[in-house]
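Number of protein chains: 2
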Amino acid sequence: MENPVLVEVTRGNRVESRHRGMVVAVDGDGKVAFARGDVEAAVFPRSACKAMQALPLVEGGAADAYGFGDKELALACASHSGEPKHVALAAGMLAAAGQEASVLECGAHWSFDQPVLIGQARTLDRPTALHNNCSGKHAGFVCAACHGGVDPKGYVGYDHPVQAEIRAVMQHLTGTPLDRDDCGTDGCSIPTYAVPLKALAHGFARMATGTGLPPARARAARRLVDACMAEPFYVAGTRRACTRLMETAPGRIFAKTGAEGVFCAAVPEKGIAIALKCEDGATRAAEAMVAATLARFFDDDPAVADALMRQADHAMKNWNGLPVGDVRVTEALRG
Amino acid sequence: MENPVLVEVTRGNRVESRHRGMVVAVDGDGKVAFARGDVEAAVFPRSACKAMQALPLVEGGAADAYGFGDKELALACASHSGEPKHVALAAGMLAAAGQEASVLECGAHWSFDQPVLIGQARTLDRPTALHNNCSGKHAGFVCAACHGGVDPKGYVGYDHPVQAEIRAVMQHLTGTPLDRDDCGTDGCSIPTYAVPLKALAHGFARMATGTGLPPARARAARRLVDACMAEPFYVAGTRRACTRLMETAPGRIFAKTGAEGVFCAAVPEKGIAIALKCEDGATRAAEAMVAATLARFFDDDPAVADALMRQADHAMKNWNGLPVGDVRVTEALRG
Chain H
292 MENPVLVEVT RGNRVESRHR GMVVAVDGDG KVAFARGDVE AAVFPRSACK AMQALPLVEG
352 GAADAYGFGD KELALACASH SGEPKHVALA AGMLAAAGQE ASVLECGAHW SFDQPVLIGQ
412 ARTLDRPTAL HNNCSGKHAG FVCAACHGGV DPKGYVGYDH PVQAEIRAVM QHLTGTPLDR
472 DDCGTDGCSI PTYAVPLKAL AHGFARMATG TGLPPARARA ARRLVDACMA EPFYVAGTRR
532 ACTRLMETAP GRIFAKTGAE GVFCAAVPEK GIAIALKCED GATRAAEAMV AATLARFFDD
592 DPAVADALMR QADHAMKNWN GLPVGDVRVT EALRG
Chain Z
292 MENPVLVEVT RGNRVESRHR GMVVAVDGDG KVAFARGDVE AAVFPRSACK AMQALPLVEG
352 GAADAYGFGD KELALACASH SGEPKHVALA AGMLAAAGQE ASVLECGAHW SFDQPVLIGQ
412 ARTLDRPTAL HNNCSGKHAG FVCAACHGGV DPKGYVGYDH PVQAEIRAVM QHLTGTPLDR
472 DDCGTDGCSI PTYAVPLKAL AHGFARMATG TGLPPARARA ARRLVDACMA EPFYVAGTRR
532 ACTRLMETAP GRIFAKTGAE GVFCAAVPEK GIAIALKCED GATRAAEAMV AATLARFFDD
592 DPAVADALMR QADHAMKNWN GLPVGDVRVT EALRG
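Chains as they are written, first to last, in our numbering: chain H, 292 to 626; chain Z, 292 to 626.
This is the structure:
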């Protein structure tokens with residue numbers, strides 16, 4: 292199946308580049324509300340499923356034992372920019388479990404956000420694992436292990452109890468059996484499991500609605516989704532799409548990006564969740580796709596729908612600030 | 292026409308992302324030696340045609356008058372990383388014409404190369420126009436104007452004599468009539484003209500072979516191509532694809548990237564040139580495509596062909612240095 296062109300990038304009066312992709316929105320029963328492209332294709336959710344991966348932190352009691360509030364839970368679900376507040380909070384989560392940064396197995400990298408990177412370059416010799424965009428997720432893994440009496444060493448491994456429990460959570464939420472054959476290694480070294488795009492959306496719809504989940508899991512899932520919506524800065528950061536999308540309609544939109552053009556989102560009040568992937572892995576296109584797809588579910592609130600469409604369709608400027616073209620979604624994602 | 296998938300990005304044992312594109316190789320007569328996808332589609336060459344845009348600098352006598360050698364001519368054709376040697380040479384070119392950085396109209400930006408950016412952040416308050424990747428090209432424009440007795444002010448404008456002359460050069464080399472309807476604004480504010488991909492390749496084949504060009508233009512074109520091949524660092528920089536490709540077979544490969552997934556290249560000894568565009572604008576894919584396409588023309592030199600294919604197909608590692616997948620060209624670009 293050919294995936295349709297969902298986003299165009301223009302220059303002058305021409306289309307310069309085109310992005311194909313697949314998008315699906317489903318409700319808690321898995322009923323499809325909107326679909327474009329091959330939504331049965333298996334995709335690696337990458338960081339878009341961090342809220343699923345954070346469930347053991349809450350369900351096992353570590354979050355309560357360590358006194359974690361919305362900020363800590365949001366950071367456990369985050370791909371953050373390594374801003375000072377992100378780094379300090381990740382360190383604080385580890386400290387609550389009596390751990391230090393050296394326990395983290397995610398590797399280190401400079402911020403992906405240029406202004407933050409420049410600030411880091413001026414104040415750091417080199418970044419640490421705390422600056423890794425995944426440090427909150429990894430701190431959550433370590434906290435879950437420590438609270439559960441499990442040695443965190445090797446927690447990124449497929450066979451470690453932390454990853455085994457996450458695999459079970461992912462299978463349950465997505466209804467998809469997962470094994471080594473479905474497994475890739477993520478940028479931060481943990482397993483990532485290929486699941487059908489529709490199943491991924493269904494997993495987030497279950498998290499947002501609780502449909503079909505045992506009460507404890509439903510409560511933990513909604514607590515994580517609500518924490519992200521309450522503290523969008525801690526899910527991403529300044530200038531970042533996830534933060535901006537959630538700030539567009541506070542408490543009404545959950546949104547989380549993943550590498551290689553993945554995005555997951557939910558509108559809990561509408562009982563739906565969205566999963567999408569840009570075929571070529573482009574973040575700029577995935578961001579436009581998720582904004583336009585979210586807008587469909589705010590047809591009863593034009594201010595929110597318009598604000599989302601301004602994120603889907605936007606001008607590009609050059610180094611002199613001159614408009615040179617647009618990023619815009621195609622008819623396939625409109626109206 | 293659907294463009295074929297030319298590059299795949301894998302993770303674990305799955306294809307995670309796919310890049311479509313069009314590629315064409317032609318000789319000096321415009322005869323097609325290799326083609327994939329819609330090679331008649333009009334594309335903005337962006338920075339890939341900088342060697343064409345540098346022709347007036349040589350043809351008008353400015354390069355000789357100001358004593359420019361291979362390094363200066365390579366920088367005039369460059370999208371450089373803003374490394375100290377690039378910045379100093381751009382300033383030197385302007386000084387030769389009695390000008391300073393304030394004459395440049397390209398805007399300023401931090402280096403696109405992370406290690407260079409970190410060095411800049413630690414030594415500069417902010418980047419200047421000399422750090423712009425296009426500063427050598429713009430310095431060349433200013434030098435051509437000054438030597439020709441033309442006020443450089445406004446040299447980025449469509450109607451300025453500098454851009455009018457470049458437009459005439461582009462029309463001649465590509466055999467394509469160009470006007471405002473074909474014109475977009477580039478990142479550095481100069482006009483960029485949409486031309487059929489095959490015509491763009493033909494223009495570079497003419498430059499590399501001189502076929503059908505007046506002797507003075509043929510000499511100037513070959514001088515620029517040779518300068519880039521002689522000084523590949525000044526065409527791009529440390530860690531950069533253009534530099535690496537040209538260093539793979541010194542004096543035998545010309546290669547120049549452009550934004551939004553464009554690449555042009557030539558193998559002068561074989562009398563051919565290549566133009567390609569990744570449909571979605573991805574640089575990682577365009578780099579793989581050009582390396583694999585160049586390799587086709589070194590079937591008589593397996594060491595070069597193998598070195599090029601190692602640039603086309605390569606492993607990706609994560610923050611811990613673990614292999615997570617590959618970038619690789621598809622069968623459409625092999626053998």
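For each residue, glycine too, the CB sits at the ideal point set by N, CA and C.
- Whole-angstrom C-beta distance between residue 398/Z and residue 610/H, which should lie under 8 Å: Locating residue 610/H in the first sequence gives position 319, where the first residue counts as 1. Locating residue 398/Z in the second sequence gives position 107, where the first residue counts as 1. So it is a contact: roughly 3 Å between Cβ atoms.
- chain H beta carbons: is any one of them nearer than 8 Å to that of residue 432/Z? Within the second sequence, numbered from 1, the residue matching residue 432/Z stands at position 141. Residue 432/Z does not count as touching chain H.
- Let me know if residue 331/Z comes out buried or exposed under the rule of 16 or more other beta-carbons within 10 Å of its beta-carbon. On the second sequence, position 40 is the one that residue 331/Z refers to. With fewer than 16 other Cβ atoms within 10 Å, it is exposed.
- Query: From residue 508/H to residue 462/H, what distance separates their C-alpha atoms?
  - Reply: Along the first sequence, read from residue 1 onward, the residue named residue 508/H stands at position 217. Along the first sequence, read from residue 1 onward, the residue named residue 462/H stands at position 171. Using only the alpha carbons, I get a separation of about 14 Å.
- Contacting residues, own chain, Cβ-Cβ under 6 Å from residue 334/H (five flanking each side not counted): By 1-based counting over the first sequence, the position of residue 334/H is 43. 488, 568.
- Integer Cβ distance of residue 374/Z from residue 529/Z, believed to fall under 8 Å: Position 83 of the second sequence, counting from 1, holds the residue named residue 374/Z. Position 238 of the second sequence, counting from 1, holds the residue named residue 529/Z. Sure, about 7 Å apart at Cβ, within 8 Å.
- Query: So what does DSSP say about residue 457/Z, is it helix, strand or coil?
  - Reply: Reading the second sequence from its first residue, position 166 is the one you call residue 457/Z. DSSP places residue 457/Z in helix when its eight states are reduced to three.
- Reduced DSSP secondary structure (H/G/I, E/B, other) of residue 393/H: As a position in the first sequence, residue 393/H is number 102, starting the count at 1. The answer is helix: DSSP assigns residue 393/H an H, G or I state.
- Please compile the residues from chain H whose C-beta is within a distance smaller than 7 Å of the C-beta of residue 451/Z. Along the second sequence, one-based indexing puts residue 451/Z at 160. What residue 451/Z touches in chain H: nothing, since even the nearest Cβ is about 15 Å away.
- For residue 346/Z, collect the residues of the same chain with a Cβ closer than 6 Å to its Cβ; drop the 5 residues on either side in sequence, then sort them by chain order. Against the second sequence, residue 346/Z aligns to sequence position 55. Excluding sequence neighbours, residue 346/Z sits near 460, 511.
- Message: Is the beta carbon of residue 583/Z closer than 8 Å to that of residue 496/Z?
- Response: Position 205 of the second sequence, counted from the first residue, corresponds to residue 496/Z. Position 292 of the second sequence, counted from the first residue, corresponds to residue 583/Z. In this structure, residue 583/Z does not lie closer than 8 Å to residue 496/Z by Cβ.
- Hey, how far is the Cα of residue 624/Z from the Cα of residue 297/Z? Position 333 of the second sequence, counted from the start, is the residue given in the question as residue 624/Z. Position 6 of the second sequence, counted from the start, is the residue given in the question as residue 297/Z. Cα to Cα, the separation comes out at about 7 Å.
- Task: Identify whether residue 310/H lies in helix, strand or coil by the three-state DSSP scheme.
- Result: The residue you call residue 310/H lines up with position 19 of the first sequence. Looking at residue 310/H - three-state DSSP - the assignment turns out to be strand.
- Query: Which chain Z residues sit within Cβ distance under 9 Å of residue 310/H?
  - Reply: Residue mapping note: residue 310/H aligns to position 19 of the first sequence, counting from 1. Chain Z residues near residue 310/H: 570, 571, 572.
- Message: Could you check whether the region 375-384 of chain Z touches the region 426-436 of chain Z, counting it as contact only if at least three pairs of C-beta atoms, one from each stretch, sit closer than 8 Å?
- Response: yes
- Message: Report the CB separation of residue 451/Z from residue 352/Z in whole angstroms; it is logged as a contact under 8 Å.
- Response: The count along the second sequence starts at 1 and reaches residue 451/Z at position 160. The count along the second sequence starts at 1 and reaches residue 352/Z at position 61. Residue 451/Z to residue 352/Z, Cβ: 19 Å. No contact.
- For residue 338/Z versus residue 613/H, is the C-beta distance shorter than 8 Å? Taking the first residue of the second sequence as 1, we reach residue 338/Z at position 47. Taking the first residue of the first sequence as 1, we reach residue 613/H at position 322. No; because the gap between Cβ atoms is not below 8 Å, this pair is not in contact.
- Roughly how many angstroms separate the alpha carbons of residue 483/Z and residue 359/Z, rounded to a whole number? If you number the second sequence from 1, residue 483/Z lands on position 192. If you number the second sequence from 1, residue 359/Z lands on position 68. Distance from the CA of residue 483/Z to the CA of residue 359/Z, rounded to the nearest whole angstrom, comes to 26 Å.
- Query: Considering only residues of the same chain and omitting the five flanking positions on each side of residue 354/Z, which have a CB-CB separation below 6 Å?
  - Reply: By 1-based counting over the second sequence, the position of residue 354/Z is 63. Result list for residue 354/Z: 348, in chain order.
- In whole angstroms, what is the alpha-carbon distance linking residue 416/Z and residue 410/Z? On the second sequence, residue 416/Z is found 125 positions in, with the first residue counted as 1. On the second sequence, residue 410/Z is found 119 positions in, with the first residue counted as 1. Rounded to whole angstroms, residue 416/Z to residue 410/Z spans 11 Å at the Cα level.
- Item | Cross-strand partners of residue 555/Z (DSSP beta bridge) | Within the second sequence, the letter at position 264 stands for residue 555/Z. Paired residues: 547/Z, 566/Z.
- Leaving out five residues on either side along the sequence, give the residues of the same chain with a beta carbon under 7 Å from the beta carbon of residue 596/H. Counted from its first residue, the first sequence places residue 596/H at position 305. Counting only Cβ-Cβ distances below 7 Å, and skipping sequence neighbours, we find 586, 589, 590.
- Message: Contact criterion: CB-CB distance below 8 Å. Does residue 403/Z meet it with respect to chain H?
- Response: Here the question's residue 403/Z lines up with position 112 in the second sequence. By this cut-off, residue 403/Z is not an interface position.
- Query: In chain H, what lies closer than 9 Å to residue 551/Z by C-beta?
  - Reply: Numbered from its first residue, the second sequence carries residue 551/Z at position 260. What residue 551/Z touches in chain H: 300, 302, 307, 308.
- Which whole runs of the alpha helix (DSSP H) in the region 466-549 of chain H are 4 residues long or more, in chain order? 488-500, 506-521, 523-526, 532-539
- Message: Quick check on DSSP: helix, strand or coil for residue 580/Z?
- Response: In the second sequence, counting from the first residue as 1, residue 580/Z sits at position 289. Here residue 580/Z sits in helix by DSSP.
- Message: I'd like the span of the beta strand (DSSP E) that includes residue 614/Z, first residue to last.
- Response: The residue you call residue 614/Z lines up with position 323 of the second sequence. 614-620 is the extent of the beta strand (DSSP E) around residue 614/Z.
- Indicate the three-state DSSP secondary structure (helix, strand or coil) for residue 438/H in the structure shown. On the first sequence, residue 438/H is found 147 positions in, with the first residue counted as 1. Of the three classes helix, strand and coil, the one that applies to residue 438/H here is helix, per DSSP.
- Item | Separation of residue 365/Z from residue 434/Z, as counted between CA atoms | The sequence position of residue 434/Z within the second sequence is 143, counting from 1. The sequence position of residue 365/Z within the second sequence is 74, counting from 1. If you draw a straight line from the Cα of residue 434/Z to the Cα of residue 365/Z, it comes to about 15 Å.
- Query: chain H partners of residue 478/Z, CB-CB under 8 Å?
  - Reply: In the second sequence, the residue the question calls residue 478/Z occupies position 187. Residues of chain H passing the Cβ test: 609, 610, 615.
- Task: Counting only the same chain and skipping the five closest in sequence on each side, list residues whose C-beta sits under 6 Å from that of residue 536/Z.
- Result: On the second sequence, position 245 is the one that residue 536/Z refers to. Excluding residues within five positions, the ones whose Cβ falls inside 6 Å are 544, 546.
- Message: What residue range does the beta strand (DSSP E) around residue 297/Z cover?
- Response: Taking the second sequence and counting its residues from 1, one reaches residue 297/Z at position 6. Taken as a continuous stretch (DSSP letters only), the beta strand (DSSP E) holding residue 297/Z covers 296-302.
- Which residues in chain H sit within 8 Å of residue 457/Z, going by Cβ to Cβ distance? Translated into positions along the second sequence, residue 457/Z becomes position 166. In chain order: nothing, as chain H lies at least about 16 Å away.
- Query: At a Cβ threshold of 8 Å, is residue 472/H touching chain Z?
  - Reply: Against the first sequence, residue 472/H aligns to sequence position 181. Contact of residue 472/H with chain Z is assigned, a C-beta pair being separated by under 8 Å.
- Query: Rounded C-beta distance between residue 328/Z and residue 580/Z? I'm assuming under 8 Å.
  - Reply: Position 37 of the second sequence, counted from the first residue, corresponds to residue 328/Z. Position 289 of the second sequence, counted from the first residue, corresponds to residue 580/Z. About 10 Å separates the beta carbons of residue 328/Z and residue 580/Z, which is beyond the 8 Å limit, so they are not a contact pair.
- Item | Chain-ordered neighbours of residue 293/H on chain Z, where CB pairs are closer than 9 Å | Here residue 293/H refers to the residue found at position 2 of the first sequence. Those within 9 Å of residue 293/H in chain Z are 293.
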